[in-house]
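Read the structure below first, then the notes.
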Ligand code: SAH
């Protein structure tokens, strides 16, 4: 493993832990993934501070605490098949890949998807498949999923994603307005879903058929 930034990474994980994330598997995955490789080269020095950073194409890599918190809420297990919508840099994707059996990730901007694919290859993360298309329609060929994580803000959970969730499975999505959302967890039941609303967050918009119509 690359010894670069090990000290900064440990400090980032301790910070996240101090903010209340206690899941040991999540913290371990964050200790293992070199976050500086997911940000633009000139921003590497800031990669381990607890805030979001621009990654080009008008998008951002999420803040470490939010990545940790979302991953913890998702309760990912080693045997799970996970769908992620909004690959972005691929940082969250890499964390999920450490915790699950398979990760399928969708990104609408092909430049970002291609960069993320390169990063997975560099890190030897072989259980990840990334494609460019509108993730609000899901990925029906690979369904059902045990877990679905949406990492962009939506007015409400896209119906196709709920349909592609296994019974007993969880979907986590930031729901709300364009500026601010809340983390919402859906558990799929045999009939319908159970919805629980959590903390406020700020994500870039989920743009697509079952999301926002436009970026702004
Ligand atoms: N987890 C990512 C966060 C990326 S920001 C990271 O840590 O890097 C959210 C991403 O969602 C952006 O890259 C944006 O292009 C993407 N996105 C927005 N709408 C989408 C859609 N309908 N389908 C797939 N990706 C989408």
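Numbering (our numbering), first residue to last: 822 to 1037.
Quick reminder that beta carbons are idealized off the backbone N, C-alpha and C, glycines included.
With fewer than 16 other Cβ atoms from the protein chains shown falling within 10 Å of its own Cβ, residue 1012 counts as exposed. In this structure, the straight-line span from the alpha carbon of residue 840 to that of residue 1027 is close to 27 Å. Annotation: the continuous alpha helix (DSSP H) that includes residue 912 extends over 912-920. Counting the other Cβ atoms within 10 Å of the Cβ of residue 967 gives 16 or more, which makes it buried. Judged by the Cβ position, residue 842 fails to qualify as a neighbour of the ligand SAH at the 8 Å threshold, every heavy atom of the ligand being at least this far. Here the alpha carbon of residue 868 sits roughly 31 Å from the alpha carbon of residue 982. In the DSSP annotation of this structure, residue 924 is not part of any alpha helix (DSSP H); the continuous beta strand (DSSP E) holding it starts and ends at 923-928. In this structure, residue 913 has its beta carbon less than 8 Å from a heavy atom of the ligand SAH. Nearest to residue 843 by alpha-carbon distance, out of 878, 894, 861, 860, is 894. Beyond the five residues adjoining it in sequence on each side, residue 955 comes within less than 7 Å, by CB distance, of 929, 1029, 1030 in the same chain, given in chain order. Taking C-beta separations shorter than 6 Å and ignoring five residues to either side along the sequence, the partners of residue 979 in its chain run 957, 1031, following chain order. By the C-beta density criterion, residue 919 is buried, having at least 16 other C-beta atoms within 10 angstroms. Straight across, the Cα-Cα distance linking residue 885 with residue 904 is about 20 Å.
In the DSSP assignment, residue 988 falls within the unbroken beta strand (DSSP E) covering 986-997. Here the alpha carbons of residue 862 and residue 898 stand approximately 33 Å from one another.
A Cβ-Cβ contact shorter than 9 Å links residue 950 with residue 924. Remark: fewer than three beta-carbon pairs, one from each stretch, lie closer than 8 Å, so the segment 927-946 and the segment 992-1011 are not flagged as touching. Ranked by Cα distance from residue 1035, the options 976, 865, 846 are led by 976. Spanning the alpha carbons of residue 1024 and residue 959 requires a straight line of approximately 19 Å. Exposure of residue 825 is indicated by the presence of fewer than 16 other C-beta atoms within 10 angstroms of its C-beta.
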